[in-house]
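Counting from -18, one number per residue, gives the positions in the sequence shown under our numbering.
Yeah, the Cβ is synthetic: ideal placement off N, Cα and C, and Gly gets one too.
These figures come from a predicted structure and were not determined experimentally.
Accompanying notes for the structure given below.
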Amino acid sequence: MRINTKKTSLSILMSVCLMTTAQAAWADTVVPSAAMAEATAQGTSIVATPSYKLNDSLSVEIKSLLNESSSDGVKIAAVIRMKSSAGKVVKIPDLDLRARTAEGDEYTLQASVLNAHAIRPNTTEELNYFVTVDRKEAVSLSELVWLSVDWYSFPKTETEVLTVPVTGLSWDGPLSQLTQPEYIKAWGQSFQIPAIDSPLFYTPVAVSTENTQQGTMTSVKLLVQNRSAKKETLPEFSLDGRAVNASGTDASVFAGKRVEQSAISLDPQEQRYIHYAIPTDKNTVLSSLNLVTNETFKQLDAKGNPTVIPYSIGRLTITMPNAGQSDIAIEGAPYEYNTPFRFDTNTDAIDSNMDVSLVELHMHENEGEGYQTVIGKYKLTNHSDQPLPIPVFQTKLITENGQTYSGSRQSTTTQEIMPNTSYVISYSYIMPSELKDQNFILKIVDTKTAAPVSTTLGAYRLALQPNSLNEEMLTFYPFKVKVNLWQLSAKANLSSAAAPSPTTYSYKLKLDLDIERQEQVIVDQNFSKMSLELVDPTGRLLSVKTLSFTGVNRLVSGTQFIQFDNLKTDEQEYPLTVNVYETITTPTGEAKRLVASFKE
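Following this line, the structure appears as structure tokens:
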């Protein structure tokens, strides 16, 4: 309903608490709280919510103010916090609440039937108001006005009890953008959520965009800190992504959702991460994030049935980092193999008693496949006195040009690692055959906590290990195979007179080995194997034998004989070469690394 100078008013109950820094002559002085003082000392900022005296015992704060234009008209909503300083129960005065526009028009807001009618001593009540104005043009709100209306005088009289300036402080809908500097936070800046009764602090620490099975998804990670002395529950809020065109005139908003769906509580001085997933269009570059909270206006319809009108209010705008990406800093010094990675202490994706280290990283051949494979062996060590499950994590190798290759994890039969033991697990990375990079960035990624998006646990600089050949000491971590002797002999397989057939040849390789397990590291049947390839002088493959380090027929120390049968030749060849490979089965096939060559 539109009202000019003299208007018909609805009886309203109210309490308002808005993100405003505008000061009025009748506004109470805002005294910095202990949290504000602490935040100032730590370089973080808190947007103070002004309090305005309504009478001797009641004051109001504007928590939320909506001014949204739609096809149904203009929706104006307000959530008011009314606080009592009295030592007894105080009746909430019967006042009208009106929204005044810059043009001088006034609109009376309807009070929710669920609003309180009295306030207990030294407590606060939230009062909700709403009205839909039947007009197509947007309005600019300038003030909220509390009025006392005398209905028994003629003509009726209206007395302004309190006027609060709200110019530029209303939320105009999803495409709205906050412009006041105090509500715009730079990436990495800690903040509290304005107008929300919570002492928790938030810091945006990581954002990345990736393609998932659900489409393009932007992941945002916030660090939440409870600096108070009591347990606190995380308030409900959302992060929406905002993208604009090059001229900044056309905005698109993508609604985000918190990944952790259950309620979250933080103990005193505790900190943890929370994650938001924002589905976007392909190639979308977000320019900022809107932090929004949800409000509801509840009323009864003509039949007495409750109706709920939900809406959202923007609290803060968070600017995006350069290029729209931000992640954990890369370790400055190159990684030293077989040393534990240092992970973010705020994550629980990997148990604190579990060490993860990279022990090998080699480039393997894939003959005739058009690609090459990097194999990384990771050692997991349980330092606790209890069995620990094998952690689930992803790994990525990033080239010097920024190309990313995700690792494929080998299947495992072991589910737990026993106390004070280690386990080796391999990851394979498929790369184009023309790639010549030797230096990479290794990212270890948590794909479970914030699924379907991932978060980085650590990032490290490293170089591929050289594929040096050593015919006396073969390395298949955690095994070292010392070759004391090798000898290749040929045998002619003559046919009998009763069943004449062409003469064939076979070869027998005699090996005298000392096999040493470097550490008490557990391996299973999926561990890499030793493959022996017999080739002729032209490089033609004649026969292959694959030997395992596990199982009943595993390689052992001492003398053993390897028989090469079913040769792809009917002639005796000389000189022959036995190429020794480390082979591992990957999801895309077998990858192999040349370890040694025995040449006659």
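If you ignore the 5 residues before and after ASN327, its C-beta comes within less than 8 Å of the C-beta of LEU204, GLN252, ARG253 and TYR254, all in its own chain and listed in chain order. Secondary structure of ASN303 (DSSP, three-state): helix. Bridge partners of GLN91 according to DSSP: PHE111. A direct Cα-Cα distance of roughly 15 Å separates SER387 from LYS429. The Cβ neighbour count for GLY351, taken over all protein chains shown within 10 Å, is under 16; the residue is labelled exposed. CA-CA distance, LYS580 to VAL559, rounds to 6 Å.
Of GLN158, ASN96 and ALA80, the smallest CA-CA separation from SER121 is found for ALA80. If you draw a straight line from the Cα of MET63 to the Cα of VAL426, it is about 47 Å long. Under DSSP, ASP221 takes part in a beta bridge, and its partners are ASN271.
Ranked by Cα distance from SER51, the options ALA99, THR82 and ASP115 are led by ASP115. Counting C-beta atoms within 10 angstroms of its own C-beta, ARG101 has fewer than 16 neighbours from the protein chains shown and is therefore classed as exposed. Boundaries of the beta strand (DSSP E) around GLU139: 138 to 146. CA-to-CA, the gap between SER414 and GLN353 works out to about 5 Å.
Here LYS463 is exposed: its Cβ has fewer than 16 other Cβ atoms, across all protein chains shown, within 10 Å. In the DSSP annotation of this structure, the continuous segment of the beta strand (DSSP E) that includes PRO260 starts and ends at 252 to 260. It is roughly 38 Å from the alpha-carbon of ASN48 to the alpha-carbon of PRO249. Residue pairing by DSSP places ALA440 opposite LYS424 in a beta bridge.
Membership of ALA244 in any beta strand (DSSP E) is not indicated, and neither H nor E is assigned to it by DSSP. Proximity to LEU494 across VAL525, VAL516, MET412 and GLU452 peaks at GLU452, based on C-alpha coordinates. In this structure TRP132 is exposed. Its beta-carbon is surrounded by fewer than 16 other beta-carbon atoms within 10 angstroms. When Cβ pairs closer than 8 Å are counted between the two stretches, the stretch 262 to 277 is seen to touch the stretch 288 to 296, the count reaching three or more.
Under the 10 Å beta carbon count, GLU514 is surrounded by 16 or more other beta carbons and is classified as buried. Taking HIS256 as the centre and dropping the five residues before and after it, the same chain places the C-beta of SER200, VAL201, LYS202, LEU203, ARG239, VAL240, GLU241, THR430, ALA431, VAL434 and THR436 closer than 8 Å to its C-beta, in chain order.
Relative to MET198, the option among PRO447, LYS526, ASP221 and SER512 whose CA is nearest is ASP221.
The beta-carbon separation of VAL60 and LYS44, rounded to 4 Å, stays under the 8 Å limit for a contact. Secondary structure at PRO74: coil, using DSSP grouped into helix, strand and coil. Contact check between the stretch 168 to 187 and the stretch 230 to 237: fewer than three CB pairs, one atom from each, fall below 8 Å, which does not count as touching. Within the stretch 482 to 550, complete beta strand (DSSP E) segments of at least 3 residues are found at 485 to 498, 510 to 516, 522 to 528 and 539 to 545, given in chain order. Buried is the label assigned to THR190, since at least 16 other Cβ atoms lie within 10 Å of its Cβ. Going by DSSP, ASP336 is part of the beta strand (DSSP E) stretching over 335 to 345. With respect to the 8 Å criterion, THR395 and ASP505 are classified as neighbours on the basis of their beta carbons. Counting C-beta pairs with one atom in each stretch, the stretch 106 to 115 and the stretch 297 to 316 have fewer than three that are closer than 8 Å, which means they do not touch.
Counting C-beta atoms within 10 angstroms of its own C-beta, GLN384 has fewer than 16 neighbours from the protein chains shown and is therefore classed as exposed. Where LYS580 is concerned, the enclosing beta strand (DSSP E) starts and stops at 570 to 580.
Apart from sequence neighbours up to five positions away, the residues of its chain that approach VAL145 with a beta-carbon distance below 6 Å are TYR33 and LEU125, ordered along the chain.
Nearest to GLU381 by C-alpha distance, out of ILE398, TYR441 and ILE356, is TYR441.
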